[in-house]
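In the working numbering, the protein residues as written are 120 to 542.
Here the structure comes first, spelled out in structure tokens, and everything after it is commentary.
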Ligand code: PMP
């Protein structure tokens, strides 16, 4: 235990300063902790280091950009690093789908910009009453006030004076409820925002919900937004999960894997018809951030996209996804605590229940995460579940190591509980 001045805000102060929480080294697909545990990183950092740690080409691109141009702003200006990154993103996501890229600095801030953009777009079309944004129950969109308000997961919003009067939420697997809401207030809705796999619990939005939304968009004229901050950059099996939708979203929000975790960056890919409204009115969109689209972050985006090709990351990710799915299903068959596999691609959840079928408490999940880490794997906790979001570049051995640590950690937890009961 070492005292340090960083406020570990997501831990209670009584848990601050533990060596088991302090990462001292990362490389490849592994993280080493201050207490000496060397673990396979089953969360890819915070779901962003999709190509593993220490990618030399990305590091060289960032270093080169910083040497060449410490800083250039996008404040009523632009620069070639930003132009190149925007062009590369549009080329990768589909030039027929998107016409412009708006840079931001995090998933949260991009979602705030997205909410402003959707409402401004409605105003430009003369829809002065369209202000409501619809999200999904249980969704996560970020920590800034807009994205925090839109998040359908309980993040203790009630503590912070959040105004939800222009926000509605619908269950992720209830297309009938979405249809009913839009029949009622469709003319007031500026945007419907989908997180394709809910980060909390890794529940997949069913295909029927997506097709219903595409149909309802034609009927009611709202913008359909896909928040791919977590599920983009290869987690789904394609670069973006919405690549497989029959029609593209109007706005696609991306971050996390965008720079492989190296730079604070995010981007909104803007569909042709959305930008056309701003062009027609010759309206500026009042959104700018000092550190959005820096030369370093833009160079990192271009290099990350190149590395996806060079490392055949999507193919590698497909192998990891298959091993992960098979391995987790095997755990459900053999381990009493494990009851279901959720998620898709390289974004998976393992549902856990007590022997009597009851959900596990957050305190139990915290203990399980700790036991699994002690056995050599970092995984994340969900509601009565754990989540595995490993780098797409994991080898077969590394996936095996990850699954073994999960199994051993769960066994340690069960043994402890039984010993406690016997006492
Ligand atoms: N949207 C989704 C779907 C996310 O998973 C996250 C981060 N977990 C965010 C938005 C917020 O991104 P950031 O943490 O970069 O602000």
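Every residue, glycine too, gets a C-beta built ideally from N, C-alpha and C.
- For residue 240, the enclosing alpha helix (DSSP H) starts and ends at 226-243.
- In this structure the segment 486-495 does not touch the segment 389-409; the number of beta carbon pairs closer than 8 Å is below three.
- Our two residues, residue 221 and residue 389, have alpha carbons roughly 7 Å apart in a direct line.
- Of the candidates 521, 329 and 385, 521 places its Cα closest to the Cα of residue 445.
- Residue 465 sits close to residue 354, with the two beta carbons spaced by under 9 Å.
- Taken through DSSP and simplified to helix, strand or coil, residue 123 comes out as coil.
- For residue 457, same chain residues with a beta-carbon under 8 Å away, outside a window of 5 residues either side, are 447, 450, 451, 469, 470, 471 and 529 in chain order.
- With a threshold of 16 other beta carbon atoms within 10 Å, residue 272 meets it and is buried.
- Assigned with DSSP and collapsed to three states, residue 172 falls in strand.
- Taking non-hydrogen atoms of the ligand PMP into account, the C-beta of residue 160 is found less than 8 Å away from none of them.
- Sequence-distant Cβ neighbours of residue 533 in its own chain, meaning closer than 6 Å and more than five residues away, do not exist here.
- Note on geometry: alpha-carbon atoms of residue 495 and residue 154 lie some 12 Å from one another.
- Comparing C-alpha distances from residue 234 to each of 156, 380, 542 and 308 shows the shortest one belongs to 308.
- DSSP places residue 455 outside both helix and strand once states are collapsed to three, so it counts as coil.
- By alpha-carbon distance to residue 432, the top candidate from 356, 346 and 232 is 356.
- The alpha-carbon of residue 303 is positioned some 16 Å away from that of residue 290.
- For residue 251, the beta-bridge partners assigned by DSSP are 308.
- Here DSSP, grouped into helix, strand and coil, assigns residue 373 to strand.
- Two segments are said to touch when three or more pairs of C-beta atoms, one from each, lie closer than 8 Å; by this definition the segment 166-177 does not touch the segment 186-199.
- Comparing alpha carbon positions, the residue from 348, 322 and 312 closest to residue 332 is 312.
- Of the candidates 315, 247, 208 and 199, 315 places its Cα closest to the Cα of residue 256.
- Under the three-state reduction of DSSP output, residue 474 falls in the coil class, being neither helix nor strand.
- When rounded, the separation of the alpha-carbon atoms in residue 361 and residue 207 is 18 Å.
- Counted as a single uninterrupted DSSP element, the beta strand (DSSP E) harbouring residue 345 occupies residues 342-346.
- For residue 260, the CB falls within less than 8 Å of some heavy atom of the ligand PMP.
- Relative to the Cα of residue 145, the nearest Cα in the group 210, 299, 348 and 380 belongs to 380.
- For residue 388, the CB stays at least 8 Å from every heavy atom of the ligand PMP.
- Separation of the CB atoms of residue 498 and residue 162 is rounded to 6 Å, and the pair is thereby assigned contact status at 8 Å.
- DSSP places residue 525 in the uninterrupted alpha helix (DSSP H) bounded by 515-541.
- Residue 537 counts as exposed, since fewer than 16 other beta carbons sit within 10 angstroms of its beta carbon.
- In this structure, residue 449 has its beta carbon at no less than 8 Å from each heavy atom of the ligand PMP.
- Closest in alpha carbon position to residue 165, among 142, 157 and 181, is 142.
- Residue environment analysis places residue 251 among the buried positions, since at least 16 neighbouring C-beta atoms fall within 10 angstroms of its C-beta.
- In the DSSP assignment, residue 499 forms a beta bridge with 506.
- If you look at residue 354, you'll find it isn't in any beta strand (DSSP E); DSSP assigns it neither H nor E.
- Contiguous alpha helix (DSSP H) elements confined to the segment 399-470 occur at 414-429 and 432-453, taking only those with 4 or more residues.
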